[in-house]
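The next block holds one structure in the form of structure tokens; read it before the comments.
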Amino acid sequence: MRLYESVFIARQDVSSAQVEAMADEFAGIISSTGGSIKKREYWGLRTLAYRIKKNRKGHYVLFNMETDSETLKEYERIMGLNEDVLRFMNIRIEEVDEAPSIMMQAKSERPSRGPRDDDRLDDRRDDRPKSDNNAEASDDSSESAEKEEA
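Each residue of the sequence shown is one higher than the one before, counting from 0 in numbering that gives the first Met the number 0.
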């Protein structure tokens, strides 16, 4: 059996209790065939990056699971048939991270991205090479002028 990470997004008008019931149903599919759910997280109702099927928000749920490929295909089939699931994505992973995912950590616990280099950005704008189009155009005009003289 292989390890997979699965995230699905449920519609915004579904209640949290209904999302938990859906997650239980999906977990039951995995468990019924000998697989196991290693980690399960409900990330809550979050704003989507873009509209999906006329929804601006969605309930996010994460599973880390161990299962075989046939069960995963059945799991994906049932998720595709469920009208309340907007999107889902399953990826194969090498190991399950037991720590809470980055989405579950408080902002103060998350690793920092380091200082911003706004000054470097300004320097890059000044150091850009001048376009060679103007140089080529002047070379072409000097060559045509030489041809006319000859």
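Note that the Cβ used here is the ideal one computed from N, Cα and C, for glycine as well.
Using the DSSP secondary-structure output, state which residues sit across from residue i in a beta bridge.
| i | result |
| --- | --- |
| residue 5 | 62 and 89 |
| residue 43 | 59 |
| residue 35 | 65 |
| residue 51 | 54 |
What is the DSSP secondary structure of residue i, reduced to helix, strand or coil?
| i | result |
| --- | --- |
| residue 70 | helix |
| residue 97 | coil |
| residue 84 | strand |
| residue 14 | coil |
| residue 76 | helix |
| residue 21 | helix |
Give me the Cβ distance between residue i and residue j, rounded to the nearest whole Å; I'm assuming they're in contact under 8 angstroms.
| i | j | result |
| --- | --- | --- |
| residue 43 | residue 11 | Not confirmed; about 11 angstroms, so no contact. |
| residue 60 | residue 22 | 5 angstroms |
Count the other C-beta atoms from every protein chain shown that fall within 10 angstroms of the C-beta of residue i, then say buried if there are 16 or more, exposed otherwise.
| i | result |
| --- | --- |
| residue 8 | buried |
| residue 70 | buried |
| residue 68 | exposed |
Task: At least 3 beta-carbon pairs within less than 8 angstroms: the region 20 to 39 vs the region 47 to 55 - done: no
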